[in-house]
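In our numbering, the protein residues as written are 3 to 110.
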Amino acid sequence: LDAPYPDERYKGGPRRFPLMIPATFLNPATAPNRAAWEALQNWNKPTLTLISESLAKRGFPPKDLHDQIPGTAGHPHAIYPDTGFFLIEDKPVELAEKTLEFIDGSPL
Numbered sequence: 003l004d005a006p007y008p009d010e011r012y013k014g015g016p017r018r019f020p021l022m023i024p025a026t027f028l029n030p031a032t033a034p035n036r037a038a039w040e041a042l043q044n045w046n047k048p049t050l051t052l053i054s055e056s057l058a059k060r061g062f063p064p065k066d067l068h069d070q071i072p073g074t075a076g077h078p079h080a081i082y083p084d085t086g087f088f089l090i091e092d093k094p095v096e097l098a099e100k101t102l103e104f105i106d107g108s109p110l
C-alpha cells in the first residue's frame with residue numbers, strides 16, 4: 003500500500019482487495035472466481051501478457067497463467083526487468099508499441 007495515494011483516505015479500497023480473493027469455499031467470491039477461471043480456460047482468442055518482473059516474482063509466474071489460457075499460446079509475451087507494479091508508467095512507449103504490433107499481427 004505504498005503506492006502514491008494523495009492521503010490515507012484513498013487507501014481504503016486497496017486494503018479491501020485481499021479480502022476479495024477467496025481463501026475458503028465459504029467466501030462468497032468463490033463462485034465468481036471459479037467462473038472467471040473457467041471462462042479463461044476456454045479463451046482461445048489471441049492474448050498477450052506484458053508483465054513487470056517484480057509482479058512476475060510475487061507468487062504467480064506468467065507461465066502458470068499462460069498454461070491456463072489457451073489464447074496465450076505462441077504469442078510474444080514479455081517480462082520487463084527493473085519495473086514496478088505500475089508497468090504502464092515505467093514503460094509506456096514500449097507497451098504501446100508491443101500492443102500495436104500484437105493487434106496488427108492478430109487474425110481478429
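Note that beta-carbon positions come from the ideal geometry of N, C-alpha and C, so glycine has one too.
According to DSSP, is residue i part of a helix, a strand, or is it coil?
i	result
residue 7	coil
residue 60	coil
residue 13	helix
residue 34	helix
residue 42	helix
residue 24	coil
Which residues share a DSSP beta bridge with residue i?
i	result
residue 82	54
Buried or exposed: which applies to residue i, given that a residue is buried once 16 or more other Cβ atoms fall within 10 Å of its Cβ?
i	result
residue 74	buried
residue 7	exposed
residue 82	buried
residue 101	exposed
Pull up the distance between the alpha-carbon of residue i and that of residue j, whole angstroms please.
i	j	result
residue 17	residue 33	22 Å
residue 41	residue 69	14 Å
residue 61	residue 36	19 Å
residue 104	residue 72	16 Å
residue 90	residue 97	7 Å
residue 77	residue 48	8 Å
residue 25	residue 14	20 Å
residue 88	residue 23	21 Å
residue 46	residue 63	20 Å
residue 86	residue 38	26 Å
* Asked: Counting pairs of Cβ atoms below 8 Å between the stretch 26-35 and the stretch 49-62, do you hit three or more?
  -> no
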